[in-house]
Amino acid sequence: VPRWGPIKFRIFVGLLFLPYTGMVLSFVVIGSMLAPTLHWDRVVAAIVVYFSGLGIAAHALDALGSKKAKPWGEHFSTRQLWIMAMGALIVAYGIAIYYMVLYVPLLWMIAILEGFFVFAYNLEWFNGRFHTDGWFAFSWGMLPVLAGYILQTNRISAASLMMALAMGLLSYVEISASRPYKELKRGGPYGLPGGTVHIIQYEKILKGISLGVILLGIGLLVWRLS
Numbered sequence: 019v020p021r022w023g024p025i026k027f028r029i030f031v032g033l034l035f036l037p038y039t040g041m042v043l044s045f046v047v048i049g050s051m052l053a054p055t056l057h058w059d060r061v062v063a064a065i066v067v068y069f070s071g072l073g074i075a076a077h078a079l080d081a082l083g084s085k086k087a088k089p090w091g092e093h094f095s096t097r098q099l100w101i102m103a104m105g106a107l108i109v110a111y112g113i114a115i116y117y118m119v120l121y122v123p124l125l126w127m128i129a130i131l132e133g134f135f136v137f138a139y140n141l142e143w144f145n146g147r148f149h150t151d152g153w154f155a156f157s158w159g160m161l162p163v164l165a166g167y168i169l170q171t172n173r174i175s176a177a178s179l180m181m182a183l184a185m186g187l188l189s190y191v192e193i194s195a196s197r198p199y200k201e202l203k204r205g206g207p208y209g210l211p212g213g214t215v216h217i218i219q220y221e222k223i224l225k226g227i228s229l230g231v232i233l234l235g236i237g238l239l240v241w242r243l244s
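The sequence shown maps to residues 19 to 244 in this note's numbering.
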């Protein structure tokens, strides 16, 4: 979160949860890079779709649906968050539908699933049944990898499934470390014995996972470009 600029701008940047958004965008890139032939316009399209759909829309809905502490307070009204979420989803699905109609009909499967989870997970529908670490790893870890690959090929391969599973497991580790980290931060460093040590340990895990995945995505991108 930047320390400069108007408060709403800084809160908006925080709302994007950029380290994890960067991970998800890397998942999309990783899936795309597995394709034998690359359509670079589709790589860019997939990144924009997930930045809009996850980075903005899902996190705005998460701020609306959080039944516990709201990490960014009440700086944005309910109306502003809904406008933010729906506007971002219109952009994401507008781009996705163009490709699904003309080139990659199999992507409808991912689009429908992600459309469900963006509401069911973040608004905690069905008494929070889908607001779990496992569904998080599936929806924001596995599916983005498959989306990137399908957008390039209109099919699913064994390699893409294995990579999706691997990235899903990394997402599972990330969210499993993220939840206790947030609880410790909310309770302050003295909320339990050794609290400060625990916070530092969780920060190292979260930073290592997010940076590692982002570098993997960049590395594969550079490899394909060269």
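Ideal placement from N, C-alpha and C gives every residue a C-beta, glycine not left out.
This structure is a prediction, so every number in the text was calculated from the model and none was measured.
Following the continuous alpha helix (DSSP H) through residue i, name the residue where it begins and the one where it ends.
i: Ala138; result: 125-138
i: Gly40; result: 36-51
i: Phe27; result: 25-33
i: Asn145; result: 143-146
i: Trp22; result: From DSSP, Trp22 is part of no alpha helix (DSSP H); its letter is neither H nor E.
i: Thr150; result: That residue, Thr150, is in no alpha helix (DSSP H); it is neither H nor E in DSSP.
Distance, Cα to Cα, residue i vs residue j?
i: Gln138; j: Phe148; result: This sequence places Ala at residue 138; Gln is not what is there. If you take the alpha carbons of Ala138 and Phe148, they lie about 6 angstroms apart.
i: Trp153; j: Gly73; result: 17 angstroms
i: Gly159; j: Ile168; result: 15 angstroms
i: Ile174; j: Leu164; result: 7 angstroms
i: Ile115; j: Trp58; result: 17 angstroms
i: Ser189; j: Pro20; result: 25 angstroms
i: Val61; j: Val46; result: 8 angstroms
i: Thr150; j: Ile217; result: 22 angstroms
i: Trp143; j: Ser244; result: 45 angstroms
i: Ser178; j: Ile108; result: 27 angstroms
i: Phe156; j: Phe134; result: 12 angstroms
i: Pro207; j: Pro54; result: Unreliable positioning characterises Pro207 in this predicted model, as indicated by a pLDDT of 47, which lies under 50. A coordinate reading is not provided.
Rounded C-beta distance between residue i and residue j? I'm assuming under 8 angstroms.
i: Gly40; j: Met181; result: At roughly 18 angstroms, the Cβ-Cβ gap does not stay under 8 angstroms, so Gly40 and Met181 are not in contact.
i: Gly71; j: Asn140; result: Incorrect: roughly 11 angstroms between the Cβ atoms, too far for contact.
i: Gly166; j: Ala81; result: About 27 angstroms separates the two Cβ atoms, so there is no contact after all.
i: Leu224; j: Ala195; result: 6 angstroms
i: Ala78; j: Ala110; result: With 8 angstroms as the limit, Ala78 and Ala110 do not qualify as a contact, their Cβ atoms being about 12 angstroms apart.
i: Ile113; j: Val66; result: 6 angstroms
Using a Cβ cut-off of 8 angstroms (strictly closer), state whether residue i contacts chain B.
i: Phe45; result: Among the protein chains of the structure shown there is no chain B, as only one such chain exists.
The segment 90-99 / the segment 118-137 touching (three or more Cβ pairs under 8 angstroms): Verdict: no, contact absent.
Given 8 angstroms, three or more beta-carbon pairs between the segment 23-40 and the segment 228-243: Yes, they touch.
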